[in-house]
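K.L.:
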Amino acid sequence: MFENLKSQPADKILMLMQAFREDPRENKIDLGVGVYKNAEGVTPVMRAIKAAEHKLWEEQTTKAYVGLAGDPAYSDAMIKLILGDAVERGNVAAAATPGGTGAVRQAFELIKMANPGARVFVSDPTWPNHVSILNYLNIETVVYRYFDRETRGVNFDGMIEDLKTAQKGDVILLHGCCHNPTGANLNAVQWQEVINLLNERGLIPMIDIAYQGFGDGLEEDALGVRLVAANCPETLIAASCSKNFGIYRERTGLLMAVANDAGGQALNQQTLAFLNRQNYSFPPDHGARLVTMILNDEALRADWAAELEETRLGMLTLRQGLADELQRLTGSDRFSFIAQHRGMFSLLGTTPDLVEKMRVDNGIYMVGDSRLNIAGLNAKTVPILAQAIVDAGV
Ligand code: PMP
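For the sequence shown, position 193 matches number 193 in the UniProt record's numbering, and the numbering has no gaps at all.
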């Protein structure tokens, strides 16, 4: 049997990490893998997480199973964090999942169960896992224009034109904030225009939100998802706590299905629990419990929000520093998009050849599509990267 298996392509980002580790150069810079790193290059355990873990260790009396959809208190706290008061709580079904990836996967499975003919529209480009899971599940994928490689902003006219080719029941996958890999995002007016189109054509929005708090702030980053959930009859939302709580390996995510009435909610809730049962039964609890403890405790929550805000502002400072340095070196504003992008990533919009050249010549590691992880920089490496970008002729 095993001989029938086909070898799978190696993950490009993991290969890049390996090459970085093996590079002996001291001044090498890792802008590849999508984890937050502080100025010392460390991915820290957040203070509130440590405090909650300590408390949990003292107070937890059992590790017995929780529930197929996870702890309802986790769902409640996360729904409030993401959706605020945008929708009736009674219309939202939710289930804990192993990370945001688990939520994305379960959402795609739900789409397939509910409407096997639905196509899923994804942005060009999008997080590669979206496409690979869709392919794995044999769901037809349609790519819509998104990133304008000239302006490095959103090609909104192209996006709308492409979304107009979707048919009733098709699913439109949108990034809630901090678009991965581009860093280019919709503004409030554009979100509203997308919502109008979705409703005119009977299209179903699915929002992937993995970086709430990394862009313009916790509330600001939820603007798009809240507008969509409040104004569309049905919305799927896949959320991740990996980045904003810094609990990557704890695998903490949530899938939400927002219906337009409580009857729809009940059916969705059963379906989400069923899907968890089929795939892994009970979702992981440790990370979800820490998140719940933090969100429901005033002091822990304030400390978490403060540390997240420091993280966000630190990335904005690095963005501005890089854009300023490039402005100084080139005498032009063509890199100002770096300061306008939001989140951990910016797509430089250059060729794989030049990305490779910067790796070979300068020890700068970024993903081949020219995505750079802003958090991989610090005050010392910003000018080094800027010089390398100019030298490579980007
Ligand atoms: N969606 C997007 C767009 C992401 O960038 C990520 C993280 N790389 C995820 C979902 C899910 O992350 P995780 O499974 O680690 O929570």
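Every residue, glycine too, gets a C-beta built ideally from N, C-alpha and C.
1) Along the chain, which unbroken stretches of the beta strand (DSSP E) at least 3 residues long are found entirely within the segment 188-246?
2) Give the single residue among Asp162, Gln190, Gly90, Leu203 whose Cα lies nearest to the Cα of alanine 259.
3) Figure out for me which residue from Glu309, Ile195, Glu140 has the closest Cα to the Cα of methionine 159.
4) In three-state terms, what does DSSP make of phenylalanine 156?
5) In angstroms, rounded to a whole number, what distance separates the CA positions of methionine 17 and glutamate 200?
6) I need the DSSP call for alanine 184, collapsed to helix, strand or coil.
7) Which first and last residues belong to the alpha helix (DSSP H) in which isoleucine 49 is found?
8) Say yes only if the C-beta of serine 240 is nearer than 7 Å to one or more non-hydrogen atoms of the ligand PMP, and no if none qualify.
9) Assuming phenylalanine 274 contacts tyrosine 65 (C-beta within less than 8 Å), just tell me the rounded distance between them.
10) Under 8 Å, do glycine 368 and valine 360 count as touching if we go by C-beta distance?
11) Could you check which residue in His54, Gln212, Gln320 has the C-alpha nearest to that of isoleucine 79?
12) For arginine 47, which residues in the same chain have their Cβ closer than 8 Å to its Cβ, ignoring the five residues on either side in sequence?
13) Can you tell which of Asp11, Tyr36, Ala10 has the C-alpha that lies nearest to the C-alpha of methionine 315?
14) Can you give me the start and stop residues for the alpha helix (DSSP H) that threonine 351 sits inside?
15) Does the separation of the CB atoms of serine 242 and glycine 102 fall below 8 Å?
16) Expressed to the nearest angstrom, what Euclidean distance is found between the alpha-carbon atoms of alanine 73 and proline 284?
17) How would you call glycine 41, buried or exposed, if buried means at least 16 neighbouring beta carbons within 10 angstroms?
18) Closer than 7 Å: is that where the CB of glycine 376 sits relative to any heavy atom of the ligand PMP?
19) What I want to know is whether the C-beta of tryptophan 127 ends up closer than 7 Å to one or more non-hydrogen atoms of the ligand PMP.
20) What residue range does the alpha helix (DSSP H) around serine 75 cover?
21) Going by DSSP, name the residue or residues bridged to serine 132.
22) Which residues does DSSP pair with alanine 388 in a beta bridge?
23) Mind checking which residues open and close the alpha helix (DSSP H) that includes phenylalanine 274?
24) Is any non-hydrogen atom of the ligand PMP found closer than 7 Å to the C-beta of histidine 175, if you look at the structure I gave you?
25) Using 7 Å as the cut-off, classify the Cβ of glycine 100 as near or not near the heavy atoms of the ligand PMP, replying yes or no.
26) CB-CB under 8 Å to leucine 329, same chain, minus the five flanking residues each way: which ones, in chain order?
27) Within the present structure, is the beta-carbon of glycine 253 separated from the nearest heavy atom of the ligand PMP by less than 7 Å?
28) Determine the extent of the alpha helix (DSSP H) in which methionine 315 is found, giving its start and end residues.
29) Indicate the three-state DSSP secondary structure (helix, strand or coil) for arginine 119 in the structure shown.
30) How would you write the range of the beta strand (DSSP E) that histidine 175 sits in, first residue to last?
31) Once you ignore the five residues that flank glutamine 269 on each side, which residues in its own chain have a CB closer than 6 Å to its CB?
32) Excluding the 5 residues preceding and the 5 following phenylalanine 337 in the sequence, name in chain order all residues of the same chain whose CB lies nearer than 6 Å to its CB.
33) For the ligand PMP, I want to know if asparagine 373 counts as a neighbour, meaning its beta carbon is within less than 7 Å of at least one of the ligand's heavy atoms.
34) Just reading off the alpha helix (DSSP H) that glycine 100 is part of, what are its end residues?
35) Helix, strand or coil, according to DSSP, for methionine 1 in the structure here?
P.N.:
Taking the definition as stated:
1) 204-209, 235-240
2) In the sequence shown, the residue the question calls residue 259 occupies position 259. Answer by Cα proximity: Gly90.
3) Translated into positions along the sequence shown, residue 159 becomes position 159. Of the candidates Glu309, Ile195, Glu140, the one whose C-alpha sits nearest the C-alpha of methionine 159 is Ile195.
4) Translated into positions along the sequence shown, residue 156 becomes position 156. Helix, per DSSP.
5) Within the sequence shown, the letter at position 17 stands for residue 17. Within the sequence shown, the letter at position 200 stands for residue 200. Looking at the two C-alpha atoms, the distance is approximately 45 Å.
6) By one-based count along the sequence shown, residue 184 stands at place 184. Coil.
7) Counting from one through the sequence shown, the residue named residue 49 turns up at place 49. Here the alpha helix (DSSP H) through isoleucine 49 covers 47-59.
8) For the purposes of this step, residue 240 is taken as the residue at position 240 of the sequence shown. Within the cutoff, so yes.
9) For the purposes of this step, residue 274 is taken as the residue at position 274 of the sequence shown. For the purposes of this step, residue 65 is taken as the residue at position 65 of the sequence shown. The pair is not a contact, with the Cβ atoms about 16 Å apart (cut-off 8 Å).
10) The residue given as residue 368 occupies position 368 in the sequence shown. The residue given as residue 360 occupies position 360 in the sequence shown. Not a contact, by the Cβ cut-off of 8 Å.
11) Taking the first residue of the sequence shown as 1, we reach residue 79 at position 79. The candidate whose alpha carbon is nearest that of isoleucine 79 is Gln212.
12) Mapped onto the sequence shown, residue 47 falls at position 47. These residues qualify, in order along the chain: Asp303, Trp304, Glu307.
13) By 1-based counting over the sequence shown, the position of residue 315 is 315. Comparing Cα-Cα distances from methionine 315 to each of Asp11, Tyr36, Ala10, the minimum goes to Tyr36.
14) Stepping through the sequence shown from its first residue, residue 351 is reached at position 351. Taken as a continuous stretch (DSSP letters only), threonine 351 belongs to no alpha helix (DSSP H), as it is neither H nor E.
15) The residue you call residue 242 lines up with position 242 of the sequence shown. The residue you call residue 102 lines up with position 102 of the sequence shown. Not closer than 8 Å, so no.
16) For this step, residue 73 is matched to residue 73 along the sequence shown. For this step, residue 284 is matched to residue 284 along the sequence shown. Cα-Cα distance, rounded: 14 Å.
17) Looking up residue 41 in the sequence shown gives position 41. Its Cβ having fewer than 16 others within 10 Å, glycine 41 is exposed.
18) Sequence index remark: in the sequence shown, residue 376 carries index 376 (1-based). No, the ligand PMP has no heavy atom inside 7 Å of this Cβ.
19) Here residue 127 refers to the residue found at position 127 of the sequence shown. Yes, the Cβ of tryptophan 127 comes within 7 Å of a heavy atom of the ligand PMP.
20) Stepping through the sequence shown from its first residue, residue 75 is reached at position 75. Residues 72-83.
21) Locating residue 132 in the sequence shown gives position 132, counting from the first residue. DSSP, once it has assigned bridges, lists no residue as partnering serine 132.
22) The residue you call residue 388 lines up with position 388 of the sequence shown. Alanine 388 is not bridged to any residue.
23) Sequence index remark: in the sequence shown, residue 274 carries index 274 (1-based). Phenylalanine 274 -> alpha helix (DSSP H) spans 262-279.
24) Here residue 175 is taken as the residue at index 175 of the sequence shown, counted from 1. Histidine 175 Cβ: within cutoff of the ligand PMP.
25) Position 100 of the sequence shown, counting from 1, holds the residue named residue 100. Yes.
26) As a first step, residue 329 is located in the sequence shown; it is residue number 329 there, counting from the start. Answer for leucine 329: Ala386, Gln387, Val390, listed in chain order.
27) Reading the sequence shown from its first residue, position 253 is the one you call residue 253. Under cutoff, so the answer is yes.
28) For this step, residue 315 is matched to residue 315 along the sequence shown. Start and end: 298-330.
29) What you label residue 119 is simply residue 119 of the sequence shown in a count that begins at 1. Here arginine 119 sits in coil by DSSP.
30) Translated into the one-based positions of the sequence shown, residue 175 becomes position 175. 171-175 is the span of the beta strand (DSSP E), which, as asked, contains histidine 175.
31) Translated into the one-based positions of the sequence shown, residue 269 becomes position 269. Contacts found: Ala93.
32) Taking the sequence shown and counting its residues from 1, the one referred to as residue 337 is at position 337. The residues are Arg152.
33) Numbered from its first residue, the sequence shown carries residue 373 at position 373. Outside the cutoff, so no.
34) As a working mapping, residue 100 is identified with position 100 in the sequence shown. Note, glycine 100: alpha helix (DSSP H), 99-114.
35) Stepping through the sequence shown from its first residue, residue 1 is reached at position 1. Looking at methionine 1 - three-state DSSP - the assignment turns out to be coil, as it is neither helix nor strand.
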